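>
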Amino acid sequence: MMNTTEATETREVTVKELVAAFKGKYVNISPSDHYGISINMQKATLELEEDDCSELYLVSRDEENRVTASICIDEDSIENIEKYDGTYTLNLLSV
């Protein structure tokens, strides 16, 4: 019997859960909407920096695994992270 619940429901996850889901893996990052800035990374890693303030890093890498760019998102600026059918959507707070 297949578990179809996860594939048909949207649920919120934490930044730690997001990073853990992709630990040691490369991800593709692409926009779902365009609001002035579009982020598109074909080979990236997700990293979490936990000092005084938790920060999520989207780190773009080349074929030799060298860092080519990184984007830092403060955890306080993330409204929520939704998971649906293996896809994660990161929603930032609107000001």
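Heads up: the sequence shown begins at 7 in my numbering, then just goes up one per residue.
Using N, Cα and C, we set each Cβ at its ideal position, and we do this for glycine too.
Computed from a predicted model, the values in this text were never measured in an experiment.
1. Would DSSP call residue 24 helix, strand or coil?
2. Starting from the Cα of residue 34, find the closest Cα among 80, 68, 84 and 57 and give me that residue.
3. Classify residue 51: buried if its beta carbon has 16 or more other beta carbons within 10 angstroms, exposed otherwise.
4. State the DSSP-derived secondary structure class of residue 57, mapped to helix, strand or coil.
5. In angstroms, rounded to a whole number, what distance separates the CA positions of residue 87 and residue 26?
6. Short of 6 Å in beta carbon distance, which residues of its chain neighbour residue 89, apart from the five on each side in sequence? Order them along the chain.
7. For residue 99, which residues of its own chain have a beta-carbon under 6 Å away from its beta-carbon, when the five flanking residues on both sides are left out?
8. With a cut-off of 8 Å on the beta carbons, I'd call residue 47 and residue 24 a contact; round off their distance for me.
9. Using CA coordinates, which residue listed in 72, 59 and 70 is at the minimum distance from residue 78?
Taking the geometry as given:
1. Mapped onto the sequence shown, residue 24 falls at position 18. If DSSP states are grouped into helix, strand and coil, residue 24 belongs with the helices.
2. Here residue 34 refers to the residue found at position 28 when the sequence shown is read from its first residue. If we check each option's Cα against that of residue 34, 68 comes out closest.
3. Within the sequence shown, numbered from 1, the residue matching residue 51 stands at position 45. Burial call: buried.
4. In the sequence shown, residue 57 corresponds to position 51, counting from 1. DSSP places residue 57 in coil when its eight states are reduced to three.
5. Your numbering for residue 87 matches position 81 in the sequence shown. Your numbering for residue 26 matches position 20 in the sequence shown. C-alpha separation (whole angstroms): 13 Å.
6. Working through the sequence shown from its first residue, we reach residue 89 at position 83. Here the set comprises 17 and 19.
7. By one-based count along the sequence shown, residue 99 stands at place 93. So the list reads 83 and 85, once near-sequence residues are dropped.
8. Here the question's residue 47 lines up with position 41 in the sequence shown. Here the question's residue 24 lines up with position 18 in the sequence shown. The Cβ separation is near 15 Å, so there is no contact.
9. Taking the first residue of the sequence shown as position 1, residue 78 is located at position 72. The candidate whose alpha carbon is nearest that of residue 78 is 59.
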